[in-house]
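Comments concern the structure below.
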Amino acid sequence: MRIDVVSIFPEYLAPLELSLIGKARQDGLLELNVLDLRDFTTDRHRTVDDTPYGGGAGMVMKPEPWAQALTSVAGPGAGAEKPVLIVPSPAGERFTQATAHELAGEDRLVFACGRYEGIDERVLEWAAEHFTVRPMSLGDYVLNGGEVAVLAMVEAIGRLLPGVVGNPESLVEESHSDGLLEYPVYTKPSSWRDRNVPAVLLSGNHGKIAQWRRHEQYRRTAERRPDLLEGFDAGALPRADRTAFADLGYDVVDGRLARRPADGGEPA
Ligand code: JFE
Numbered sequence: 424m425r426i427d428v429v430s431i432f433p434e435y436l437a438p439l440e441l442s443l444i445g446k447a448r449q450d451g452l453l454e455l456n457v458l459d460l461r462d463f464t465t466d467r468h469r470t471v472d473d474t475p476y477g478g479g480a481g482m483v484m485k486p487e488p489w490a491q492a493l494t495s496v497a498g499p500g501a502g503a504e505k506p507v508l509i510v511p512s513p514a515g516e517r518f519t520q521a522t523a524h525e526l527a528g529e530d531r532l533v534f535a536c537g538r539y540e541g542i543d544e545r546v547l548e549w550a551a552e553h554f555t556v557r558p559m560s561l562g563d564y565v566l567n568g569g570e571v572a573v574l575a576m577v578e579a580i581g582r583l584l585p586g587v588v589g590n591p592e593s594l595v596e597e598s599h600s601d602g603l604l605e606y607p608v609y610t611k612p613s614s615w616r617d618r619n620v621p622a623v624l625l626s627g628n629h630g631k632i633a634q635w636r637r638h639e640q641y642r643r644t645a646e647r648r649p650d651l652l653e654g655f656d657a658g659a660l661p662r663a664d665r666t667a668f669a670d671l672g673y674d675v676v677d678g679r680l681a682r683r684p685a686d687g688g689e690p691a
C-alpha cells in the first residue's frame, strides 16, 4: 500500500516512522510519503490560509496550494483506480474498525490534514475528479487539526496489512470480537499488592476460562458501552450466557437484548 500525507506540520507525522508502521515500511509492505503543503505555495510568505467569506472567527485554508499538492500525488489518471482521499474533519463520517478494514484493502490512500477552521469546501468537490473523497471523524470532539487523526487512522489501517502484525492470531481474535468490549487481561505475578488474578484463569480449564472471559465482556459492555448491546445477536446464547445477561439486567426478547425495566413499584 502507498500512503501520502499532506500537512503544514509534516514533523507532526514523524511517529509514523516508528514502531509498527516503521517496520512495515522497512519490510516494503508500506510506502509512506509526508508532504509539506507550503511547498506547493508560490508567494514569498508561503501563505496557506485566508479570512473566511461570510465572516466569523479564524482562518480557512486556501484552495490552490491544496490543488497543487493533491495533483502532485494523484498518480496516473486513466486506467488505475482512483486513490481514496481521506480528509479528517469533525463533520466527517465516523472512522471505525470496519472503516479501517475497508481502507486496508485499498492500493493507495491520501490524507489531507487541515488546520485553522478547515479547508475551502471547493477543494473537496474538485478532488472528487481524481479521488474517492471521504471526510472522516475520529469521534465527537474537536482537535486542532487533522494530524493526530491521521496518526490514529494510519496506525489502525497499517496493523491490518498482511504481514505487519507479528501474530495474525491476535487479529483473528479481534475480528470475531462480535462488537463487544474486550475482556480484562492479567500477567505474573498471580498475587500483586494483595490483589489476586481471578482463580479461573489459573485453573487450566479452558472451557471455563472462555466462558468467564465472555461473561466479563458482557459485564464490561453493559457497564461502559450499553449502546453496543443494541446490535448484539442474542438469538442462540447458551443458558449460562442468558443467565449472565439476566444478572446484568437484560432479558432476551426476539433474539435481541432488552433492558429489564427498572422496578418502580411501591415499597412493601
Ligand atoms: C481539522 C477545527 C473548529 C475544525 C467544525 C482541521 N474527529 C475530529 N475532531 N476534530 C477533527 C477531527 C479535526 C480534523 C481536521 C480540525 C479538526 N480543525 C479544527 C476547529 C471547527 C472545526 O470544524 C481543522
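For the sequence shown, this note's numbering assigns the number 424 to the initial residue and increments by one for each residue that follows. Note that beta-carbon positions come from the ideal geometry of N, C-alpha and C, so glycine has one too.
Do V496 and R557 have their C-beta atoms within less than 8 Å of each other? Position 73 of the sequence shown, counted from the first residue, corresponds to residue 496. Position 134 of the sequence shown, counted from the first residue, corresponds to residue 557. Taking 8 Å as the Cβ cut-off, V496 and R557 do not qualify as a contacting pair.
Is the Cβ-Cβ distance between V533 and D427 less than 8 Å? Position 110 of the sequence shown, counted from the start, is the residue given in the question as residue 533. Position 4 of the sequence shown, counted from the start, is the residue given in the question as residue 427. In this structure, D427 lies closer than 8 Å to V533 by Cβ.
Would you tell me roughly how many angstroms separate the C-alpha atoms of R636 and R662, rounded to the nearest one? Here residue 636 refers to the residue found at position 213 when the sequence shown is read from its first residue. Here residue 662 refers to the residue found at position 239 when the sequence shown is read from its first residue. Computed Cα separation, rounded: 16 Å.
Between the Cα of F518 and the Cα atoms of E540, V573 and K485, which residue gives the shortest distance? Position 95 of the sequence shown, counted from the first residue, corresponds to residue 518. Nearest C-alpha to F518: V573.
Going by DSSP, what residue range makes up the beta strand (DSSP E) through L455? Reading the sequence shown from its first residue, position 32 is the one you call residue 455. Run containing L455: E454 to D459, per the beta strand (DSSP E) assignment.
Got a sec: is the Cβ-Cβ distance from F554 to anything in chain D below 8 Å? Looking at the structure shown, chain D is missing, and only one protein chain is on hand.
Straight-line Cα distance separating P585 from E552: Translated into positions along the sequence shown, residue 552 becomes position 129. Translated into positions along the sequence shown, residue 585 becomes position 162. Whole-angstrom Cα-Cα distance: 30 Å.
For M482, three-class secondary structure by DSSP: Numbered from 1 along the sequence shown, position 59 holds the residue referred to as residue 482. In the structure shown, M482 sits in coil (DSSP, three-state: anything other than H, G, I, E or B).
In whole angstroms, what separates the C-alpha of L651 from that of A681? On the sequence shown, position 228 is the one that residue 651 refers to. On the sequence shown, position 258 is the one that residue 681 refers to. Each residue's alpha carbon lies about 12 Å from the other.
By the DSSP assignment, the alpha helix (DSSP H) with E570 in it spans what residues? Within the sequence shown, the letter at position 147 stands for residue 570. Here the alpha helix (DSSP H) through E570 covers E570 to G581.
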